[in-house]
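In the numbering used here, the protein residues as written are 6 to 290.
For every residue, glycine included, the Cβ atom is placed at its ideal position computed from N, Cα and C.
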Ligand code: A2P
């Protein structure tokens, strides 16, 4: 499993298992079991996914069964938009820690630049996420989080964060796939020393049917999902495909044993249309 060294020295696997919409203990247990068998060592959850407790419980049971200890895996969770603000963020972080119940988290992200319940254009959003960041810095210093970062931030939000932070964000997690090639954001992260991690690499499934992706996959004797994940990896971007299906979980892990040519990379990047399948954070001030 390839990994990246974050800007604070922490090692993070380039592949993780996404768990958005993964619900119910049996489903979580089966998916994590399959993922650990296939070599996944990183798991991505969030308060809003409402599965932190199930993931924590499943890992407690599965790690010894797979001959692993807590230190061998990487767990990411995220602060709910409803928990933004000084006291609320501190409480939200501690709730995640308690739900996952694994001592510390490897990475904790602010999930969204705005606060739930406030309009995107509400000018209090900026101060609110600044307070959340300060709360997360406190937990980082206390050793509860090994790294901290943000998700769904634009370059503008990041500039604001970099101007006041005392702990540098280590990771930016955003939607990124061939129909949404966020080149400027990628360049910004590279210059500022943040690791870029993609969510929805498969375009929430839409890109699996894209003719250009399918043709390339057929030619390389790979699946569309593998080609899409490989495309991100070759740009130094981490991936966290979500699946609850053991065969797809296995398939999504076989992305380190082939290479896309420069031409194939450009063909995929040429699909860019600015399409977002998830949310657009640009309206959040
Ligand atoms: P499932 O859990 O039933 O496998 P994204 O990461 O872009 O949000 O896409 C995730 C979606 O793609 C999920 O609905 C997941 O469904 C599906 N998926 C994940 N891996 C594969 C794969 N290798 N082939 C086909 N569909 C996949």
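May I ask you to check if the CB of residue 247 is nearer than 7 Å to at least one heavy atom of the ligand A2P?
Within the chain shown, residue 247 is the residue found at index 242, counting from 1. True, at least one ligand heavy atom lies under 7 Å from that Cβ.
In chain order, what residues of the same chain have a beta carbon less than 6 Å from the beta carbon of residue 18, not counting five sequence neighbours either side?
For the purposes of this step, residue 18 is taken as the residue at position 13 of the chain shown. Closer than 6 Å at the Cβ level, and outside the excluded window around residue 18, lie 6, 8, 46, 47, 79.
Residue 276, DSSP secondary structure in three states
Position 271 of the chain shown holds residue 276. Coil at residue 276, not helix or strand.
Would you check if there are 3 or more beta carbon pairs closer than 8 Å linking the region 59-66 to the region 86-100?
No: the two stretches stay apart, fewer than three of their Cβ pairs being nearer than 8 Å.
Report the CB separation of residue 201 from residue 242 in whole angstroms; it is logged as a contact under 8 Å.
In the chain shown, the residue the question calls residue 201 occupies position 196. In the chain shown, the residue the question calls residue 242 occupies position 237. Contact flag correct, Cβ pair sits at about 5 Å.
How many whole angstroms separate the CB atoms of residue 149 and residue 207, which I take to be in contact at a CB cut-off of 8 Å?
In the chain shown, the residue the question calls residue 149 occupies position 144. In the chain shown, the residue the question calls residue 207 occupies position 202. By a beta-carbon distance limit of 8 Å, residue 149 does not contact residue 207. Their separation comes to about 32 Å.
Got a sec: does the ligand A2P put a non-hydrogen atom nearer than 7 Å to the Cβ of residue 23?
Here the question's residue 23 lines up with position 18 in the chain shown. Flag set: Cβ of residue 23 near the ligand A2P.
So residue 188 is in the alpha helix (DSSP H); what residue range does that whole segment cover?
Reading the chain shown from its first residue, position 183 is the one you call residue 188. Counting along the chain, the alpha helix (DSSP H) containing residue 188 begins and ends at 188-197.
So, under 8 Å CB-CB, residue 231 and residue 270 are touching, yes? Tell me the CB distance rounded to an integer number of Å.
Looking up residue 231 in the chain shown gives position 226. Looking up residue 270 in the chain shown gives position 265. The pair is not a contact, with the Cβ atoms about 14 Å apart (cut-off 8 Å).
Here's a check: name, in chain order, each residue in its chain whose Cβ is nearer than 7 Å to the Cβ of residue 281, leaving out the five neighbours to either side.
In the chain shown, residue 281 corresponds to position 276, counting from 1. Cβ within range, chain order: 180, 185.
Using 8 Å as the cut-off, can you tell me whether the region 162-177 makes contact with the region 130-142, which would need three or more C-beta pairs spanning the two stretches below that distance?
yes
Got a sec? Which residues, its chain only, sit under 7 Å from residue 276 by beta carbon, not counting five neighbours each side?
Position 271 of the chain shown, counted from the start, is the residue given in the question as residue 276. Only 183, 184, 215, 217 meet the Cβ criterion.
Could you name the residues of the same chain whose beta carbon sits closer than 6 Å to that of residue 106, not counting the 5 residues immediately before and after it, in chain order?
As a working mapping, residue 106 is identified with position 101 in the chain shown. For residue 106, where only same-chain residues beyond five positions count, the Cβ hits under 6 Å are 61.
Quick one: complete alpha helix (DSSP H) runs, 4+ long, within the region 150-184?
160-169
Quick check on DSSP: helix, strand or coil for residue 10?
The residue labelled residue 10 in the question sits at position 5 within the chain shown. Looking at residue 10 - three-state DSSP - the assignment turns out to be strand.
In the DSSP assignment, find the unbroken alpha helix (DSSP H) run with residue 49 in it and report its ends.
Indexing the chain shown from 1 puts residue 49 at position 44. It is not in any alpha helix (DSSP H) - residue 49 instead sits in the beta strand (DSSP E) that spans 47-49.
Nearest-angstrom beta carbon gap, residue 24 and residue 247 [assumed within contact, 8 Å]:
Against the chain shown, residue 247 aligns to sequence position 242. Against the chain shown, residue 24 aligns to sequence position 19. So it is a contact: roughly 6 Å between Cβ atoms.
Taking Cβ to Cβ, would you say residue 378 is nearer than 8 Å to residue 83?
Given that the chain is displayed from residue 6 to residue 290, the structure contains no residue 378 and the question cannot be resolved.
Ignore the nearest five residues each way along the sequence and tell me which others in residue 274's own chain have a CB closer than 7 Å to its CB.
As a first step, residue 274 is located in the chain shown; it is residue number 269 there, counting from the start. Closer than 7 Å at Cβ, skipping near neighbours: 183, 186.
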